[in-house]
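Novice:
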Amino acid sequence: MDNFTTFTSRLAPLPIDNIDTDQIIPARFLKTISKVGLGDQLFYDWRYDAEGKPLPDFILNRTEGRAAQVLIAGDNFGCGSSREHAPWALTQYGFRAVISTSFADIFRGNALKNSLLPIIVPPEALKKLLAAVTENPSATVTIDLANQTLTLPDGSRAQFPIDQFAKHCMLEGVDELGYILKQEPAIAQYEAERELTVNTLA
Amino acid sequence: MSTKNGPASKPRTIIEKVWDNHVVTEREGAPTLLYIDLHLVHEVTSPQAFSGLRERGLKVRRPDLTLGTTDHSIPTYDRNLPIMDKVAEAQIVQFEKNCRDFGIPFFGPHSDKQGIVHIIGPEQGLTQPGMTVVCGDSHTATHGAFGALAFGIGTSQVEHVLATQCLLQMPSKTYEVRVDGTLKQGVGAKDIILNLISRIGISGGTGCVFEYAGSAIRSLSMEERMTICNMSIEGGARAGLVAPDDTTYQYIAGRPYAPKGADWDRAIASWRKLATEPDASYDKRIDIDASLLEPMITFGTNPGMGIPITAPVPDPTSISDPLERDSLGKALRYMDLPSGKPLLGHKVNVVFIGSCTNSRISDLRAAAQILKGRKVSPNVRVMVVPGSQQVKQQAQAEGLDRIFREAGADWREAGCSMCIAMNGDQLAPGEYSVSTSNRNFEGRQGKGGRTFLASPLTAAASAVTGVVTDVRTML
Ligand code: SF4
Numbered sequence: 001m002d003n004f005t006t007f008t009s010r011l012a013p014l015p016i017d018n019i020d021t022d023q024i025i026p027a028r029f030l031k032t033i034s035k036v037g038l039g040d041q042l043f044y045d046w047r048y049d050a051e052g053k054p055l056p057d058f059i060l061n062r063t064e065g066r067a068a069q070v071l072i073a074g075d076n077f078g079c080g081s082s083r084e085h086a087p088w089a090l091t092q093y094g095f096r097a098v099i100s101t102s103f104a105d106i107f108r109g110n111a112l113k114n115s116l117l118p119i120i121v122p123p124e125a126l127k128k129l130l131a132a133v134t135e136n137p138s139a140t141v142t143i144d145l146a147n148q149t150l151t152l153p154d155g156s157r158a159q160f161p162i163d164q165f166a167k168h169c170m171l172e173g174v175d176e177l178g179y180i181l182k183q184e185p186a187i188a189q190y191e192a193e194r195e196l197t198v199n200t201l202a
Numbered sequence: 001m002s003t004k005n006g007p008a009s010k011p012r013t014i015i016e017k018v019w020d021n022h023v024v025t026e027r028e029g030a031p032t033l034l035y036i037d038l039h040l041v042h043e044v045t046s047p048q049a050f051s052g053l054r055e056r057g058l059k060v061r062r063p064d065l066t067l068g069t070t071d072h073s074i075p076t077y078d079r080n081l082p083i084m085d086k087v088a089e090a091q092i093v094q095f096e097k098n099c100r101d102f103g104i105p106f107f108g109p110h111s112d113k114q115g116i117v118h119i120i121g122p123e124q125g126l127t128q129p130g131m132t133v134v135c136g137d138s139h140t141a142t143h144g145a146f147g148a149l150a151f152g153i154g155t156s157q158v159e160h161v162l163a164t165q166c167l168l169q170m171p172s173k174t175y176e177v178r179v180d181g182t183l184k185q186g187v188g189a190k191d192i193i194l195n196l197i198s199r200i201g202i203s204g205g206t207g208c209v210f211e212y213a214g215s216a217i218r219s220l221s222m223e224e225r226m227t228i229c230n231m232s233i234e235g236g237a238r239a240g241l242v243a244p245d246d247t248t249y250q251y252i253a254g255r256p257y258a259p260k261g262a263d264w265d266r267a268i269a270s271w272r273k274l275a276t277e278p279d280a281s282y283d284k285r286i287d288i289d290a291s292l293l294e295p296m297i298t299f300g301t302n303p304g305m306g307i308p309i310t311a312p313v314p315d316p317t318s319i320s321d322p323l324e325r326d327s328l329g330k331a332l333r334y335m336d337l338p339s340g341k342p343l344l345g346h347k348v349n350v351v352f353i354g355s356c357t358n359s360r361i362s363d364l365r366a367a368a369q370i371l372k373g374r375k376v377s378p379n380v381r382v383m384v385v386p387g388s389q390q391v392k393q394q395a396q397a398e399g400l401d402r403i404f405r406e407a408g409a410d411w412r413e414a415g416c417s418m419c420i421a422m423n424g425d426q427l428a429p430g431e432y433s434v435s436t437s438n439r440n441f442e443g444r445q446g447k448g449g450r451t452f453l454a455s456p457l458t459a460a461a462s463a464v465t466g467v468v469t470d471v472r473t474m475l
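Quick mapping for you: the protein sequence lines, in order, are chains C and P.
Letter by letter, the first sequence follows residues 1 to 202 of the working numbering.
Letter by letter, the second sequence follows residues 1 to 475 of the working numbering.
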C-alpha cells in the first residue's frame, strides 16, 4: 500500500443518498479475475448510454469530474454488496477520497485497505461543500490525514474521524496481511487450545 | 465488546460470547484479531485474493476450514451444455484451479452438492452455533440463523483469512430486534425482514450486529430464520443472528458435517450456553408486533423502500429533507411509478423465485402451494431457481418441479441467477419483476430492470395473475 500524503484537489459532486456498490460497479463487470480496467466501468450505468457512449452531463464525463480526486456523495455511500471492485474502480478512476455523512461498513473497510479515504462530515458541512462546488466548480479542498482535517473552499477547517489503526496503516503504508502474519505464534496457540467441530476435508 | 479481561460478572449477549470465544489477540490501538471457524469461497470475490497469495508465496493455512463453490456467474441452464459466456467460464475455470492448487474442497458445477454458498453451508451441516463464519459476500449473515457470528468481507480480507484463518475486526454494537406475536396467514419471514428494514432504513443497523429474538422468531423454522438473517445487511448491519434452540439442533442433527456420537452431545452442551443472559444489555433495540404485519413489497430502488402490499406508494412532496425527497423522486422515476396508490394490479413481466433469501425447499413448497393446479399468466416469464442441487433433488422428489412446469414456470439449475444477473438470467430494460431476492437496486437484475421484492407467496400469486397481487386473496 502506498503512503497517504496531504493533498489538495477539486471535487466531483454526486449528491445522491444511498449510492450502492451495484451503481459504483455493476455486477456484470465482476467476472474479471484481475483488478485492471475497472476505472472505465466506474458508475457505468449512470455514465454511459445504451450504446456505451459517455453521457456528457454525468459528472465523471465532465472536465470538472476528471480533474477531481475527491468525490462528494450523499448519506450512506457504498451500501449493498461486499465487492472490493468498488474501491478498486474508484481509485483506478483517480479518486483518493470520498466525502459523505456516512459509509456502509464493508465499503468503508474495503476503501481503507485500498488507500481510498472515506471522510465523514456532518450534514451541514456536506451541504456547505455542495453549495461551494455548485457556485465554483473549480473550488478545492485540502485533505490532511495525519491531522484528520479537511480544509473547505472558504478556508474553514473540519475534523474528521478515522479509526487509528487504519490511519496508521495508510500513513505508513503498513500491509495488514503482513501485520497479521507476524502474529503467527498467537494464532498457533489459539488453534492448539481449541477443538474445532468442522473439517471440510473429512 | 470483549469482556475477556473485564469483570466476569457482566451479563453478555450471544453476540459478545461468540466474539469473546474467538479473540486471538487484542492490542492497544488495533482491531481485534478474530479466529474464523468456517470460510466459504466463491468464484467472483476470490480470484484477486488467490493472486495475492501466489505473489507472496503463501499457502492456505486451513483448507480444512474452507470450502469453495460456484454460484454467482454459473448458468442455470443444463449443466451439460458448454458455458456460453467465455468471461464467466474463464472465471469458473480459474476458481477450480485455485481450489485445486491450494487444496480447498470444491463443490463444482457438476457436484451434487453445488449451490449458493449461503444455502450449502447450512445444508451440509457446516454452519453450526457459536462459530465465526466469513465469506466474500455481504449475505453471509444468513449463517447467523444458527447462532453463528457471520460477516461478509471484501477480497483483501478473503486473502487475509485464506492465509491466516484470522480477520482484523473492530467490535460491533449490539442491536436487539424483538419480534413477538403470531403472524397472520399469508405473512412470513420475508415480510418480517422487509418490515424491519422499511422502519429502520438501509443504514439503520450500521456498525451493529442484530440479534433477532422474541416469540415470533422462536416459532420460525430454521429456513425462515435464514431468510431473516440473510437480509441483515440490507438494514446496514454487519451481521444478524438468532440464538440456537431445539429447532436449530434438530435441523443440524444428521447432516453430513454435523458432529456425531459423543461429539454431538458435547457440541449441544456448549451450544446451550450461548444464549444471551437475562440481564445483558444491547446498544439499541426495536420491537415489532408480528400480529400487525401484512405481506410486504418494495416499490423503490433500495430494500428500505418497502410498504405493506395494500398501502400506497409514498409521495416525495410530503418529505421535507431535500436529499431524501430527491432520492425518493429519483427512485420513482427509475421505477416509472406514480405515488399515492398501491402497487396492487401493477403489471409484472418476470417473476423470479430464488436467491439465498428464498430458494430453500420451504420457499419452493410455498410457491408450489399457490401454483398447484393454476397456470402462470401468459404475459409473465417465471423462473424458479433452486438454491442448491440438494434443494433441486428434494423438490423433484416431492414433485414440485412438475407443479412448476405444469403451471408454465421455468425450472432451472442451482445458482444465484437473476438475483445478481451475472449469468445471463436478467431483465430487459424497463421490465418489472416480482423477485424473492434481496436487492432492488437500479439495474441489479439487469440494466434498466425494475424489481419489486416480496415473499415466495406474493411472487407466486403475482405470477398467476400477471400483476402485483395480495396472496391472501388466493389462499
Ligand atoms: S443469491 Fe444473490 S445475494 Fe445471494 S449470494 Fe447469490 S448474488 Fe449474492
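Glycine included, each C-beta is placed from N, C-alpha and C at the ideal position.
In this text the structure is predicted, and so the values were computed from the model without any measurement.
(1) Among Leu453(P), Thr451(P), Ser462(P), Lys447(P), which residue has its Cα nearest to the Cα of Arg28(C)?
(2) Closest to Ala188(C) by C-alpha separation, out of Leu34(P), Arg472(P), Leu400(P), Gln394(P), would be which residue?
(3) Could you check what DSSP says for Lys499(P) in three-state terms: helix, strand or coil?
(4) Can you tell me whether DSSP reads Phe95(P) as helix, strand or coil?
(5) Nearest CA to the CA of Arg194(C): which residue from Met474(P), Gln390(P), Gln396(P), Asp37(P)?
(6) Please confirm whether Cys208(P) and Tyr175(P) have their CB atoms less than 8 Å apart.
(7) Just verifying my parser: in three-state terms, what is the DSSP assignment at Ser327(P)?
(8) Tell me, please, whether the CB atom of Asn302(P) is closer than 8 Å to any CB atom in chain C?
(9) Gly152(P) CB to nearest chain C CB: under 8 Å?
(10) In this structure, how does DSSP classify Lys173(P) when only helix, strand and coil are distinguished?
(11) Which ranges would you report for the beta strand (DSSP E) in the region 17 to 94 of chain C if only whole runs of at least 3 residues count?
(12) Any residues in the region 424 to 444 of chain P with a beta carbon nearer than 7 Å to a beta carbon of chain C? Which ones, in chain order?
(13) Could you tell me if the beta carbon of His72(P) falls within a distance shorter than 7 Å of some heavy atom in ligand 1?
(14) Would you say Asp57(C) lies against chain P (beta-carbon separation less than 8 Å)?
(15) Could you tell me whether the region 450 to 460 of chain P touches the region 349 to 368 of chain P, using the rule of 3 or more Cβ pairs below 8 Å?
(16) Hey, is Gly78(C)'s beta-carbon within less than 8 Å of any beta-carbon in chain P?
(17) Below 8 Å on the Cβ atoms is my contact criterion, and I expect Leu53(P) with Glu159(P) to pass it. Report the Cβ-Cβ distance as a whole number of Å.
(18) With H, G and I counted as helix, E and B as strand and the rest as coil, what does DSSP make of His168(C)?
(19) Anything in the region 100 to 122 of chain C with a Cβ closer than 7 Å to a Cβ of chain P? List those residues in chain order, please.
(20) Quick one: is Met1(P) buried, meaning 16 or more other Cβ sit within 10 Å of its Cβ, or exposed?
(21) Quick one: which residues of the region 396 to 426 of chain P get their C-beta closer than 9 Å to a C-beta of chain C? List them in chain order.
(22) Which whole runs of the alpha helix (DSSP H) in the region 122 to 178 of chain C are 4 residues long or more, in chain order?
(23) Are any of the Cβ atoms in chain C nearer than 8 Å to that of Leu337(P)?
(24) If you check the beta carbons only, do His72(P) and Glu26(P) fall under 8 Å apart?
(25) In the DSSP assignment, what are the bridge partners of Ser9(C)?
(26) Of all Cβ atoms in chain P, is any one closer than 8 Å to the Cβ of Gln23(C)?
(27) Given 7 Å as the limit, tell me if Ser355(P) has its C-beta closer than that to any heavy atom belonging to ligand 1.
(28) So, does the region 96 to 113 of chain C touch the region 73 to 83 of chain C, judging by three or more C-beta pairs under 8 Å?
(29) Do the region 136 to 151 of chain P and the region 218 to 237 of chain P make contact, defined as three or more Cβ pairs closer than 8 Å?
(30) CB Arg450(P) to CB Glu431(P), shorter than 8 Å?
(31) Measure the C-alpha to C-alpha separation of Leu129(C) and Lys190(P) and round it to an integer number of angstroms.
(32) CB of His118(P) to nearest heavy atom of ligand 1: below 7 Å?
Specialist: In terms of the structure at hand:
(1) Lys447(P)
(2) Leu34(P)
(3) Outside the modelled stretch of chain P, which goes from 1 to 475, sits residue 499(P), for which no answer is possible.
(4) helix
(5) Asp37(P)
(6) yes
(7) helix
(8) yes
(9) yes
(10) strand
(11) 68 to 73
(12) Arg439, Phe441, Glu442, Gly443, Arg444
(13) yes
(14) no
(15) yes
(16) no
(17) 6 Å
(18) helix
(19) Ser102, Ala104, Asp105, Ile106, Gly109, Asn110, Lys113
(20) Here Met1(P) scores only 49 on pLDDT, less than 50, and its place in the model should not be relied on; the value that follows carries that caveat. It is buried - the Cβ of Met1(P) has at least 16 other Cβ atoms within 10 Å.
(21) Ile420, Ala421, Met422, Gln426
(22) 123 to 135, 164 to 172
(23) no
(24) no
(25) Val141(C)
(26) yes
(27) yes
(28) yes
(29) yes
(30) yes
(31) 40 Å
(32) yes
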